[in-house]
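Enquirer: Take a look at this one; I'll ask things after.
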Amino acid sequence: MTRRLVIVRHGRTEWNASSRFQGQIDVPLDDVGREQARRAAPMVAQLSPSLLLSSDLTRTRETAAAIAAVTGLPVVTDAGLRETYAGQWEGLHRHEIEAQFGASWAAWTDGDDLVRPGGDGELRHEVAARVVAALTTHLADVADDATVVVVTHGGAARAAIGQLLGLPSTHWAALGVLTNCAWSVLVERPVPGLWRLIEYNAGSLPEPALGDDS
């Protein structure tokens with residue numbers, strides 16, 4: 019028996035489409051995002067989740083609601099699953115951030131975990147610690163073979179996955195940017211708290227992986 023985490027990024031927002039930095043600003047899904055959530059929900063439901071978690075921001079709650087409509091599960095919201103707080107960058111378009119904060123923006127996008135986004139924002143390892151702490155709390159209450167679906171945000175998801183895999187924060191940038199309404203699947207290894215990544219940025223159901231080390 020092994021627990022499974024299915025980490026889903028929310029559907030598209032108008033700010034995503036216009037390259038505007040959202041952070042923790044509460045932006046809803048746009049029409050494309052709502053359709054993405056409706057399309058993804060039946061596939062995620064086929065993984066037979068027993069718990070459905072969501073960040074408390076609107077774009078994640080709307081995405082989770084589409085999954086809830088198919089699974090019949092209630093949506094459990096947790097502010098610990100929010101996106102990175104990014105200070106003065108939030109609400110700005112990418113070209114505005116590049117113009118006003120060129121050096122810090124370049125360093126941050128290169129994966130530098132010593133740069134606070136927007137001057138007073140969260141470092142990536144702080145985001146990871148927050149999200150993983152929230153997940154750990156909820157995982158303590160599920161069965162050893164449970165599948166938990168977590169609807170969160172792109173940056174928060176990537177940081178959490180990096181930490182769950184035991185990767186140093188300087189290597190998290192090796193994980194690609196998550197697509198709207200794509201998901202990643204992790205399974206718990208025999209040692210509690212250690213995880214293996216079996217799907218990343220997926221838009222279809224996992225296929226059995228056959229290999230000499232499987």
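In terms of the working numbering, the sequence shown has 137 at position 119, counting the first letter as 1, and numbering is strictly consecutive.
In this text, a Cβ means the ideal position worked out from N, Cα and C, and glycines have one as well.
Computed from a predicted model, the values in this text were never measured in an experiment.
(1) Only counting the same chain, and skipping five residues up and downstream in sequence, which positions put a Cβ closer than 6 Å to that of residue 221?
(2) How is the alpha helix (DSSP H) around residue 43 delimited, first residue to last?
(3) From 29, 39, 44, 36, pick the residue whose C-alpha is nearest to that of residue 57; which is it?
(4) In three-state DSSP terms, what is residue 51?
(5) Given this structure, state the Cα-to-Cα distance separating residue 38 from residue 177, to the nearest angstrom.
(6) Please state the DSSP three-state secondary structure of residue 219.
(7) At what residue ranges does the region 140-170 contain a whole run of the beta strand (DSSP E), taking only runs of 3 or more?
(8) Give the secondary structure of residue 21 by DSSP, where H, G and I count as helix, E and B as strand, and everything else as coil.
(9) Does residue 31 pass the burial test, meaning 16 or more other C-beta atoms within 10 Å, or should it be called exposed?
(10) Are the beta-carbon atoms of residue 107 and residue 129 separated by less than 8 Å?
Expert: The structure says:
(1) As a first step, residue 221 is located in the sequence shown; it is residue number 203 there, counting from the start. Counting only Cβ-Cβ distances below 6 Å, and skipping sequence neighbours, we find 200.
(2) For the purposes of this step, residue 43 is taken as residue 25 along the sequence shown, with counting starting at 1. No alpha helix (DSSP H) contains residue 43, which DSSP labels as neither H nor E.
(3) What you label residue 57 is simply residue 39 of the sequence shown in a count that begins at 1. Selected option, being the one with the closest Cα: 29.
(4) Here residue 51 refers to the residue found at position 33 when the sequence shown is read from its first residue. In the structure shown, residue 51 sits in a helix (DSSP, three-state: H, G or I).
(5) Residue 38 sits at position 20 when you count from the first residue of the sequence shown. Residue 177 sits at position 159 when you count from the first residue of the sequence shown. Looking at the two C-alpha atoms, the distance is approximately 20 Å.
(6) The count along the sequence shown starts at 1 and reaches residue 219 at position 201. DSSP places residue 219 in strand when its eight states are reduced to three.
(7) Within the region 140-170, the runs of beta strand (DSSP E) at least 3 residues long that lie entirely inside it are, in chain order, 165-170.
(8) Sequence index remark: in the sequence shown, residue 21 carries index 3 (1-based). Correct three-state label for residue 21: coil.
(9) As a first step, residue 31 is located in the sequence shown; it is residue number 13 there, counting from the start. With 16 or more other Cβ atoms within 10 Å, it is buried.
(10) Residue numbering aside, residue 107 sits at position 89 when the sequence shown is read from its first letter. Residue numbering aside, residue 129 sits at position 111 when the sequence shown is read from its first letter. No.
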